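To start, the structure itself, in structure tokens.
Residue numbers (the UniProt record's numbering), protein chains in the order written: chain A, 1 to 293; chain B, 1 to 457.
Next comes the structure, spelled out in structure tokens:
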């Protein structure tokens with residue numbers, strides 16, 4: 001009886017300790033999420049009463065070519081991010097793993113763009129690289145080269161923005177992969193070496209299986225991150241030229257704060273949330289499968 | 001038991017901490033706080049302009065008001081995200097006492113939701129209607145009541161570099177043909193035809209589209225569209241948009257660098273003689289002030305944009321107001337806020353602000369008596385241009401800038417004119433997209449009342 005009582009008391013204690021965090025999470029995650037989902041079914045200018053209109057907002061955005069462009073851009077963005085920075089980060093991490101003295105210096109160096117504020121990075125690229133007046137592009141133009149900023153061209157603008165975001169992100173991936181590679185048991189590596197395994201074989205059969213949980217986690221995080229990307233597009237192009245770099249997030253932002261269509265903006269956000277949730281669900285499913293194995 | 005007590009204490013600390021955050025936020029809102037002695041605090045938000053301009057505004061508006069009396073204390077906050085912050089704050093029945101808006105279309109939404117108060121009482125008390133230019137006074141009304149005052153009038157035109165003109169032997173253009181001839185020659189010489197760009201601020205599209213549409217067709221065409229008499233997709237409007245596309249393709253809008261140039265860079269490059277022109281509103285004087293300095297001060301000229309329509313009374317000015325101010329429905333100090341707004345509607349304020357921030361504070365007064373030659377630097381050139389424009393506007397020679405006269409969603413669609421310039425849409429498809437949203441906003445009374453411009457002879 002007293003055992004049961006002390007167990008209950010202990011549980012109550014845990015609940016009380018967890019309560020502030022749970023309350024905070026409810027306030028900043030669940031309530032806004034539920035409100036956003038509700039708002040997506042209403043006509044709302046962000047200030048007045050919400051008027052229930054059912055699926056109208058979703059019908060409207062599905063019929064809006066700019067939404068479809070944004071959606072396609074998000075998929076292209078995700079695909080590029082799953083290939084380019086992952087490859088660069090992995091190669092850099094593998095090259096660094098065998099460096100003894102300079103490893104830490106390189107890691108710090110690679111992380112610099114990641115720790116700088118997006119606005120700082122954007123200003124660097126806009127004014128030092130892409131500016132036709134004072135930047136590298138302007139300098140090359142003055143030398144007589146027929147060159148212009150990738151951000152000004154419909155077909156290259158998205159790649160220009162993705163490039164800047166990748167420049168800021170790949171160092172972070174390198175550090176993550178390097179940290180995972182370092183966890184590989186040294187005896188496995190040495191055994192492989194003793195048995196004559198070459199660098200590729202050691203990577204393929206020793207390192208990669210060991211870091212696979214990290215690779216999978218980062219895969220999911222990149223998908224989520226890609227669907228939430230906002231800052232670099234907003235700062236570099238504002239979604240232009242002619243919506244060529246529009247993403248769901250920037251489209252939702254302009255729909256809310258320029259057109260005062262908060263209901264429709266919420267519908268766009270719900271679509272973004274669905275993709276993020278699918279990625280998160282996949283991650284949980286993969287993790288459970290790994291644990292079961 | 002100890003654990004339970006500990007957890008209770010921690011939870012309590014957390015609750016107190018959170019409550020503490022709440023109370024400090026409340027103090028920040030300043031409704032009942034008396035940060036400066038026992039004075040009642042009045043708050044105002046503004047966009048994050050350049051630091052020297054912030055200091056000048058603080059000195060001319062805030063410090064002089066705070067020194068003029070001892071009952072109230074005006075606090076001015078500069079926020080880079082003011083356009084987002086204001087609606088969010090108003091939605092929470094919070095925010096500043098004096099409400100900033102980037103155009104009357106924002107205010108109409110606030111009016112609908114009862115977030116700002118009618119200024120009719122103050123308009124009568126201070127005689128604002130008699131003092132303000134009719135087109136902008138009307139634009140700030142909703143259902144016949146005044147809800148905001150414009151900070152300034154801004155009109156489109158042509159900035160040109162006088163020194164470059166002298167070097168090349170060019171005459172200031174008075175027709176569209178003369179203008180394009182100079183731009184063609186400049187491009188041939190390896191210069192930009194004219195400088196324009198929307199880097200960092202997509203609404204810049206409006207400045208150029210407004211200028212072109214207002215002068216490539218009759219101002220009455222835009223008036224008829226905004227009044228709901230004709231759809232936007234009509235042959236005159238489609239022709240004007242098509243012509244704007246031709247200009248873009250010919251490189252008359254910043255060549256291939258339209259998306260890589262911002263307003264500041266355009267004025268900088270004009271001062272460096274990289275182009276003969278910047279086609280832009282008088283608002284751009286504020287950027288010119290940073291580059292046309294010292295020996296270059298006299299090199300900047302401004303003339304009206306010529307109209308393609310020979311039978312149209314000219315010059316025609318497309319009118320805008322950069323921003324406007326309302327009074328929050330939550331403020332307990334509405335009378336005092338109105339007094340502050342009144343000081344902003346005077347010639348003295350125009351002159352004082354222009355001395356340190358030329359280009360942004362052309363108070364839209366019917367009568368401006370100050371002698372522009374008495375003001376040093378670009379301020380004199382700016383006031384001269386505005387005085388000339390105000391006379392023409394008072395005679396009905398005006399058109400409507402989208403940022404000021406279009407309701408929010410229509411404005412957002414109109415801003416997509418770069419989709420025509422980039423060849424993504426035809427002018428007709430673009431105008432159809434505008435027509436798809438405008439009637440609903442017109443029906444909701446979100447369109448500002450319009451003064452009728454002078455019709456073609």
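Each residue gets a CB set at the ideal place from its N, CA and C atoms; glycine is no exception. Note that the coordinates shown come from a computational prediction; the quantities given were computed from them, not determined experimentally.
Min CB distance residue i to chain B below 8 Å
i	result
residue 240/A	yes
residue 132/A	yes
residue 101/A	no
residue 259/A	yes
residue 161/A	no
Chain-ordered chain B contacts of residue i [CB-CB under 7 Å]
i	result
residue 46/A	87, 91
Residue j beta carbon less than 8 Å from that of residue i
i	j	result
residue 274/B	residue 223/B	no
residue 345/B	residue 149/B	yes
residue 77/A	residue 249/A	no
residue 205/A	residue 192/A	yes
residue 324/B	residue 103/B	yes
residue 45/B	residue 100/B	yes
residue 279/B	residue 214/B	no
residue 403/B	residue 153/B	no
residue 317/B	residue 393/B	yes
residue 405/B	residue 226/B	yes
residue 46/A	residue 262/A	yes
residue 355/B	residue 368/B	no
residue 352/B	residue 62/B	no
residue 407/B	residue 228/B	no
residue 154/A	residue 286/B	no
residue 36/A	residue 270/A	yes
residue 241/A	residue 152/A	yes
residue 242/B	residue 427/B	yes
Cutoff 8 Å: residue i Cβ touching any chain A Cβ
i	result
residue 222/B	no
residue 408/B	yes
residue 259/B	yes
residue 64/B	no
residue 83/B	yes
residue 112/B	yes
residue 202/B	yes
residue 330/B	no
residue 21/B	Its pLDDT being 43, under 50, residue 21/B is placed unreliably by the model, and nothing is read from it.
residue 299/B	no
residue 347/B	no
residue 265/B	yes
residue 14/B	Caution is warranted here: a pLDDT of 47 is assigned to residue 14/B, below 50, making its placement in the model unreliable, and no coordinate value can be reported.
Environment of residue i [buried if 16+ CB atoms lie within 10 Å]
i	result
residue 26/A	exposed
residue 91/A	exposed
residue 70/A	buried
residue 24/B	Because residue 24/B sits at a pLDDT of 39, beneath the cut-off of 50, its placement in the model cannot be relied upon, and the point is left open.
residue 52/A	exposed
residue 133/A	buried
residue 72/A	exposed
residue 199/A	exposed
residue 52/B	exposed
residue 75/A	exposed
residue 44/A	buried
residue 106/B	buried
Cβ separation of residue i and residue j, assumed to be a contact under 8 Å, to the nearest whole Å
i	j	result
residue 136/A	residue 232/A	In fact, because the Cβ distance is near 18 Å, the residues do not count as touching under 8 Å.
residue 90/B	residue 115/B	4 Å
residue 40/B	residue 333/B	6 Å
residue 257/A	residue 199/B	Not confirmed; about 20 Å, so no contact.
residue 196/B	residue 258/B	6 Å
residue 89/A	residue 174/A	4 Å
Beta-carbon neighbours of residue i, restricted to chain A and to distances below 7 Å
i	result
residue 115/B	47
residue 75/B	Chain A residues near residue 75/B: none, gap ~24 Å exceeds 7 Å.
residue 256/B	148, 152
residue 422/B	154, 241, 242
Amino acids of chain A, ordered along the chain, whose beta-carbon sits closer than 8 Å to that of residue i
i	result
residue 418/B	240, 241, 242
residue 426/B	Simply none; closest approach about 13 Å.
Neighbour list for residue i in chain A, Cβ cutoff strictly below 9 Å
i	result
residue 198/B	238, 240, 241
residue 268/B	133, 134
residue 109/B	45, 46, 47, 48, 260
Interface residues of chain B facing residue i [CB-CB closer than 8 Å]
i	result
residue 156/A	Per Cβ cutoff of 8 Å: no residues; residue 156/A is ~11 Å from chain B at best.
residue 254/A	412
Residue i: contacting residues in chain B (beta-carbon distance under 9 Å)
i	result
residue 30/A	Those within 9 Å of residue 30/A in chain B number zero; the least Cβ separation is about 17 Å.
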